[in-house]
Each structure stands twice: as structure tokens, then as C-alpha cells.
Amino acid sequence: MLCADQNFDIAQVIRFFRSKPGELIIYYELEEGEKSSSRGIIEVCHDSHRVTRFLEKPQEGQTASQLASVVFYCIQRDTLSYMSDFLSQQPQTVGRAFGQFWEWLINEKQRHVFGMKLPTGFQLIGQVGLSDYTKWLTHYSTKQQGNPAKPITCRSYARVGLMGNPSDGFNGKTIAMTIANFWAEVTLLETQTLVLVPHPLNDPTEFGSLQDLFCISRKEGYLGGLRLLQATCKKFYQFCSKQGIALTKQNFTLKYDTNIPRQVVRIPSDTSDAIVSATLKCLMKFYNITDNDLPKPIRANFILDVETDELSITAGLQDRVVQVYEGLVYMDFSKELMEEHGFGAYIPMDMSELPPFWLAYLSDPSDSGRIHSNIRQRWLSGELLVIEAMRRFAELTDQARTAFRDKDWSRLVQLMDQNFELRRSIYTDDCLGPGNLKMVELARQFGSAVKLPGSGGAVVGLCLDQARLVEMRRAFQEAGCVFCVISPYNPSASAVGGQH
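In the working numbering, the protein residues as written are 313 to 812.
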């Protein structure tokens, strides 16, 4: 048997084996062209990692599993006696194989056997000859002399909440969209040691003078993106260890860049989701972690956990979900769904013929307000005004979903305005901040729908009159704001969507 990975870490396997009350089987996901009828196939419980069934070279249709066992097992001392029992029941040598042993031990004896996945392929399994060995020797010799590793670059795009926010943290419903105007980008390159590269603007370590340090710290703050890279890597290793996925012993260098204005999505507030998301994409590609290993709904939870558990960043699921799914996404965070599945219902929506949404943000976000305020405490204490508002946010989102489907943009304009007024009624003007309110009032002078897309410092709107949209842009710029027409990011229409 030949493992395709020359950086295999057996220490991870031993640690996982010792953490489980039973035997351990190593498995991998069948590659294209491999037939399940030539392998021992296992079915594994996603939560407990227990092997629930073992099928030695199953016939087509016996199982949908594509998880193949290899001749790599960890067996407890007390279990060795079962081998003698099995052999005594197999007088013919043809039945004395490990595959039949595991079938008997798992399916009949119901012994606790657990599975650990290697995110790599295996070759030279079963009946092989000299030509097979020669082929793979040539393959690895060529690979060793080949080109150096190429960098992996992944992007995550900024997002705007179009309807229902901020009810995502309160069992509500929302609609949000990724936009191509702004993004965070992470690059991973295999190297001898593991290096996290500071960003020259967000993680400065050198300053021209004490005054420069003062000005940069006042404007940019102290919490850059470097800690996001580190926290994501830590959580990724922790997740894979817990899920029974053995990672290779490979090191890398990580660096990031972003053009996202902090008023739109801010470090340490909301820019974090884009950087964490892009970092996770790089790690998954580097270690060959698939969507089956880390499904999209769980990936959104992972990103949120990095921010909340590791870095104590206050955040909700909406932004993380739309970072993972990309495009225009309808999200239902109802209590029933969250309690039953641990995540909500996330449905991509049609992005054809979208109207011209626009975005404006303050050049100086110092008066953008303290958006989240004490709403969570009021919601947890059962205040009827807040509970009713969150229910109403969900209703508006369902109505907006219908408006998107019917391309009824006039109706969507009304709903966006209602969304803002509802938010204003429970957060109050003092909490929203004079800067945000100033932008809202300015947009309304031109008959545009307007609402807050996230945590403050920016507004998103929809103006169906093209001439007034041009006038409004000029008015925002004269007021000292930055204004842009939104370019929706549609992953299905992107030629490089697979990389990003």
C-alpha cells in the first residue's frame, strides 16, 4: 500500500486513537475512477465518528458511501482475542482477511470502531505487480523534480445586508448579498516554517515618528488582521483533530490584503469575517479538505466561532453565511431550525436583472453610532417591543424575497425603508448616530430607499430613477461621503469562482 502523502503525521493518528474508546480504522474518499467493489467500504457517523457498517468489496447499490478503508488499523490489546475467535470460525483460508474480520467485528459483534480520514489518496492496494510500482516510482520522481509549489490565493467579498438585519442574531430572517467592489484576499505558499506576515497598514510595527503612531492608531485602531490568520489556523487544526481528519506535516506562509473600507466592514468588527473566510478557503485547498469534510452551513458556524470564541468579537451568522455561499442569499435563523440542526436554512436567490443598488459611507466613521447597543439584553429579557420587532423583520424579509422573485423593485424600495424605520424604532437615534442619520436623510431627499447594511458607518440604498441617482451621488460626495454603485458578486457568473 502506498500513501500519496509524503508528509503523513502518524502522531495525529495516535492521539485520535487514544481519545476514542475503541479501535481505529483509517479511511479516505474514493478518487475518480476507483470502484467501491474493489475496496472495503465503511459508513461513518458524522458526529461520533463511529464506524456504523463495514462492507468488504460491496456490490453496486449496497451502499452510497465513498469512504474506503485501507490496511492501516489501530487495535486495542483487549480486542486481539477477537482475532482468534474470528479465525476459529473461518476454517477456509479464503475467508481469513482483514476485510472479513472488520465486517464481523463491526456488523455482528457491534464493537466500537472509529474512523479517521486522511485527506489524500492511496495506491498499490490489493493485487498489484512490478509495473504498478514502476509507474508510481516514476510519478513521484517526476513530482520531486518538478516546479516549486504554486501559491494558493482565495478571496472573500464584502457583503451588504439588504433586508432583515440585524435579526440574524435573534432567530429572524435576512437577505444579504456579496459585492465585487470590496474584498479580502489571502495567499498561502508552502514553506519550510509556518509564517504569518503582518499587513503593512493593518498590522504596522514601524512608524515614521511618534506622531505617525498616534495618528495611525487613532484612525486604524490596534487590532489588525494578523490575529485573524492565527485564530483561523488554530481553530482549523482543532476542528480537524476533533473530526478525525489527519492533516499533513506541511508548513506555509500566510499573508492577507483587503480593500474593504472600515466603515463598510471594519476590523475588528466585520472585516474579520472576510479575512477568516478567505483564510479558511486557503487552508481547505492546501490540506485537501472537501465540502463533505466541512459543509457550507458548518463552515459559516466555524467562521463565527473563530471570531466569537477565539477573539471575543461580537458578530452574527448572517455575514458568515453569505461569505460562504456568496451571491444573493435568503437566510432563515428560526429557533426551531437552529436548535434542531445547529444552523438555519440558507437559500441562494436568482441574481439576474438586479436593480442598481448603491452604497455610501462616511469618510470619518467616528460618529457612526453604537449600533448593537443593549438590544440583546432586552431581547433575552423578553421585552415585547424587541421580540415583536424581530418577528416583523422576518416578515419583511419574506416579503422582500417575493419582491426579488417577481422583480418588483418598487415594492422592494418600500420594504427597505420599512426595515430602516423598524430598526430605528428599537435602537433609537442616539444609538444609530448622527452620521448614519445624516446619510439616510440625504438619500431620502432624492426619493431613494435607504437602510443600514451592517454595523454602521455606511448605508445601502435603491434608487430607481437614474437621473436622481446621479444627482444623489454628487450630493453625497459634496457632503464628504464616499459613494459607489454596487457591483453584485455572482459566484456562478465568475470565471474564477472556483479559485475564489
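Just so you know, even glycine gets a beta-carbon here, dropped at the ideal spot from N, CA and C.
Counted within 10 angstroms of its Cβ, other Cβ atoms place residue i as buried (16 or more) or exposed
i      : result
Arg578 : With a pLDDT of only 40 at Arg578, under 50, the local geometry of the prediction cannot be trusted, and the value read off the model is given with reservation. Buried, by the Cβ-count rule.
Arg530 : exposed
Lys567 : buried
Gln696 : The question names Gln, yet the displayed sequence has Leu at residue 696. It is exposed - the Cβ of Leu696 has fewer than 16 other Cβ atoms within 10 Å.
Gln730 : buried
Asp585 : buried
Gly694 : exposed
Val771 : buried
Gln630 : buried
Gly427 : buried
Gly766 : buried
Gly768 : buried
Arg682 : Because the pLDDT of Arg682 is 49, which lies under 50, any placement of that residue in the model is unreliable, and the number read from its coordinates should be weighed accordingly. Under this definition Arg682 is an exposed residue.
Asp359 : exposed
Lys462 : exposed
Asp397 : exposed
Phe526 : exposed
Val797 : exposed
Phe328 : buried
Ser581 : Here the model assigns Ser581 a pLDDT of 46, short of 50, so the residue's position is not dependable, and the following value carries that caveat. Looking at its Cβ environment, which holds 16 or more other Cβ atoms inside 10 Å, Ser581 is buried.
Lys547 : buried
Gly747 : buried
Val576 : Unreliable positioning characterises Val576 in this predicted model, as indicated by a pLDDT of 49, which lies under 50. A coordinate reading is not provided.
Ile326 : exposed
Ile338 : buried
Phe519 : exposed
Arg735 : buried
Ser799 : exposed
Arg713 : buried
Gln811 : Here the model assigns Gln811 a pLDDT of 47, short of 50, so the residue's position is not dependable and the matter cannot be decided.
Glu619 : buried
Gln324 : buried
Glu709 : Before going on, a small fix: residue 709 reads as Thr here, not Glu. Classification of Thr709: buried, given that the 10 Å Cβ count is 16 or more.
Ile687 : buried
Leu540 : buried
In DSSP terms, what residue i is bridged to
i      : result
Lys763 : Val772
Thr486 : Met643
Met428 : Ile338
Pro800 : Ile491
Ile354 : Phe366
Met475 : Ile487
Ala657 : Asp644
Val794 : Tyr673
Ala470 : Ile491
Val498 : Cys466, Tyr568
Thr626 : DSSP lists no partner for Thr626.
Gln386 : Reading off the sequence shown, one finds Cys at residue 386, where the question assumed Gln. Leu336, per the DSSP bridge assignment.
Val507 : Thr565
Nearest-angstrom Cβ-Cβ length linking residue i and residue j, presumed shorter than 8 Å
i      : j      : result
Lys763 : Phe732 : 4 Å
Phe669 : Leu592 : Actually they do not touch by this definition, with Cβ atoms about 27 Å apart.
Gly476 : Thr486 : 3 Å
Gly656 : Leu649 : 5 Å
Arg423 : Glu344 : At roughly 33 Å, the Cβ-Cβ gap does not stay under 8 Å, so Arg423 and Glu344 are not in contact.
Thr465 : Asn563 : In fact, because the Cβ distance is near 18 Å, the residues do not count as touching under 8 Å.
Ser349 : Met702 : Not really, about 53 Å apart at Cβ, beyond 8 Å.
Val498 : Cys594 : 5 Å
Cys545 : Ser675 : Cys545 to Ser675, Cβ: 34 Å. No contact.
Val588 : Ala488 : The pair is not a contact, with the Cβ atoms about 17 Å apart (cut-off 8 Å).
Close-in-space but distant-in-sequence residues of the same chain around residue i (CB under 7 Å, 5 per side omitted)
i      : result
Lys608 : Val636, Tyr637
Pro516 : Ile528
Ala761 : Val725, Met728, Asp729, Gly773, Leu774
Ala791 : Leu754
Cys357 : Thr364
Ser685 : Tyr739, Cys743
Leu506 : Asn563, Phe564
Phe788 : Ala672, Leu754, Phe795
Same chain, Cβ closer than 8 Å to residue i, five either side skipped, listed in chain order
i      : result
Asp321 : Ala558, Leu559, Thr560, Lys561
His361 : Lys332, Phe426, Gly427, Met428, Gln555, Gly556
Trp721 : Pro667, Ala715, Leu774, Leu776
Asn613 : Leu629, Arg632, Gly654, Phe655
Asn283 : Given that the chain is displayed from residue 313 to residue 812, the structure contains no residue 283 and the question cannot be resolved.
Sequence-distant residues of the same chain with beta carbon closer than 6 Å to residue i, five excluded per side
i      : result
Ser646 : Asn483
Gly411 : Gly352, Glu368
Arg785 : Phe795
Trp495 : Arg467, Tyr469
Cys552 : Leu559
Cβ-heavy atom distance, residue i to the ligand FMN, below 7 Å
i      : result
Phe548 : The ligand FMN is not part of this structure, which contains no ligands at all.
Can you list the beta strand (DSSP E) stretches of 3 or more residues lying completely in the region 530-595, in chain order?
-> At a cut-off of 3 residues, the continuous stretches assigned as beta strand (DSSP E) that sit fully inside the region 530-595 are 563-570.
Please go through the region 708-767 and give each complete alpha helix (DSSP H) segment of 4 or more residues, from N-terminal end onward.
-> 721-739, 741-744, 746-756, all fully within the region 708-767.
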